[in-house]
Amino acid sequence: MKTKKQEIIRLNANENIYGCSRSVLKAIKRNIKDIYLYPAMPVRLEEKLAEKFGVEPKNIVVGAGSVRLIDGIIQTFVEHDEEIIIFERSFVAYEQLSAAHRRKHVFAKLTDFICDVDNILPLVTKKTKVIFIANPNNPTGTIITHARLEHLLEVVSNDILIVVDEAYCEYVTDKSFPDSFSLQKKYPNLIILRTFSKIHGLAGLRIGYGVMKEELAGVLKKSRIPFFFNSLSEDAALAALADEKFILLCAKKNEREREFLYEKIKQAGLNIIPSQGNFLYIHFNNEEEKEKIFKRFAEKGLLICNLKTFGQDKSLRIGIGNRKINKELYSYLSIH
Ligand SMILES: Cc1ncc(COP(=O)(O)O)c(C=O)c1O
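In this note's numbering, the protein residues as written are 34 to 369.
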């Protein structure tokens, strides 16, 4: 007998549950006939981003996803006898790419699931070259405030590169979130990474960018592989940037649903961490409880992130859905 195919809802990779702007789809359709041509360098995108952030195009480096920029930073700026500092329970690519390039990384602890810059300071040595900070942090969703980031920039030597990865910044509502562009003017060792994969909804196209001082950007640009960028991406990214209404709408809906789901999960008696991203982090008392909920969700076609894959045995990360999905989510949350 033919059974109805279960729809899988992806809440495991922090993608935009609302998709992407319609103008992005139009831009892709317009350009699809030209995919037999090699792409041009993304000069128009660099110019647009520079205009948006009040910097020069020479300060912008576009890459095939911000992971490609993370990769480039590690490969290009860190020597084999130097070290990278990463928070534990942070974006796994920092660790994976450090290992892939055989660069040493050390872990700073979190305090109550928060990336506390004071936990970085004892790890800083003469060998430290790069400090990666996901802000908001993935998977915990917590932020480092402007004042705390400034403190870190103030106390560490200016030959250490501090990379703030702001992949989820458009979702942030906490007013103490850093204005990293103003900090960068004062501290040129600050590198800012952003992406089109999250609120812009272009994860499959692979577009990210970094903003940094000219000297660093020049070196990173030289390290890119030829034709690093696909020919559908530039116009898609430009269309995404232009549709501010879509971005604001997604941010607004996310804020509302984040509060709703957070409260419901809290009411269910689970240890949920307040988040500034488009995802929520739940920490369980034991692995058994966590597995029970993970399996229950999987059976219902709700794909969430079991952080066991990343060595966090007692934690789950759940992407925030729309109201219909969120209602379904919390109805399966009881641990009994
Ligand atoms: C903190 C953080 N940075 C970067 C990325 C990846 O971005 P991109 O798709 O631009 O490579 C992710 C993806 O989950 C992330 O969580």
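From the three backbone atoms N, C-alpha and C, an ideal C-beta is built for every residue, glycine too.
{"Check": "Nearest neighbour of F24, chosen from V163, Q108, F293 and Y204 [CA to CA]", "Outcome": "With the chain covering 34 to 369 only, the question about residue 24 has no answer from this structure."}
{"Check": "Buried versus exposed, by CB contacts within 10 Å (16 or more), R291", "Outcome": "buried"}
{"Check": "Cβ contact (3+ pairs, closer than 8 angstroms) linking the segment 259 to 268 and the segment 323 to 337", "Outcome": "no"}
{"Check": "Nonlocal neighbours in the same chain, by C-beta distance under 8 angstroms from L303, ignoring five residues either side", "Outcome": "I315, F317, L366 and I368"}
{"Check": "S213 Cβ short of 8 angstroms to ligand 1 heavy atom set", "Outcome": "no"}
{"Check": "L154 to I176 span [Cα, whole Å]", "Outcome": "18 angstroms"}
{"Check": "Proximity test, N171 beta-carbon vs ligand 1 heavy atom, cut-off 8 angstroms", "Outcome": "yes"}
{"Check": "Three-state secondary structure (DSSP) of K35", "Outcome": "Per-residue confidence for K35 stands at a pLDDT of 44, beneath the threshold of 50, marking its modelled position as unreliable; the derived number appears in the next sentence. Note: K35 maps to coil in three-state DSSP."}
{"Check": "Through-space distance from G234 to V76, alpha-carbon basis", "Outcome": "22 angstroms"}
{"Check": "Sub-9 angstroms separation of L294 and I232 beta-carbons", "Outcome": "no"}
{"Check": "Ligand 1 site residues, beta-carbon cut 6 angstroms against heavy atoms", "Outcome": "N47, G98, S99, V100, F124, A167, N171, D198, A200, T228, S230, A236 and G241"}
{"Check": "Cβ shell of D104 (< 7 angstroms), same chain only, five flanking positions each side left out", "Outcome": "L130"}
{"Check": "Endpoints, the beta strand (DSSP E) within which N304 is located", "Outcome": "N304 to I306"}
{"Check": "Check whether I117 and I166 have beta carbons under 9 angstroms apart", "Outcome": "no"}
{"Check": "Cβ-Cβ distance between V94 and Y242 below 9 angstroms", "Outcome": "yes"}
{"Check": "Distance between K162 and L143 (C-alpha atoms, nearest Å)", "Outcome": "21 angstroms"}
{"Check": "Nearest neighbour of I305, chosen from I106, I147 and R55 [CA to CA]", "Outcome": "I147"}
{"Check": "Whole-angstrom C-beta distance between D346 and E320, which should lie under 8 angstroms", "Outcome": "5 angstroms"}
{"Check": "Residues bridged to K137 [DSSP beta-bridge criterion]", "Outcome": "E116"}
{"Check": "P169 burial status per 10 Å Cβ neighbour count (16 or more: buried)", "Outcome": "buried"}
{"Check": "Beta-carbon gap between A273 and F229 smaller than 9 angstroms", "Outcome": "yes"}
{"Check": "Element boundaries [alpha helix (DSSP H), containing K326]", "Outcome": "Per the sequence shown, residue 326 should be read as Ile rather than Lys. Segment E320 to E332, the alpha helix (DSSP H) holding I326."}
{"Check": "Buried or exposed by the 16-neighbour rule on C-beta atoms within 10 Å, applied to T173", "Outcome": "buried"}
{"Check": "Pairwise C-alpha distance: E324 and K159", "Outcome": "42 angstroms"}
{"Check": "Helix, strand or coil at G237 according to DSSP, with G and I counted as helix", "Outcome": "helix"}
{"Check": "Alpha-carbon to alpha-carbon, P307 and L349", "Outcome": "14 angstroms"}
{"Check": "Closest Cα partner of Y389 within the set A301, K219, G310 and D114", "Outcome": "No statement about residue 389 is possible, as the shown extent of the chain runs from 34 to 369 and does not include it."}
{"Check": "Status (buried if at least 16 other CB within 10 Å, exposed otherwise) for R356", "Outcome": "exposed"}
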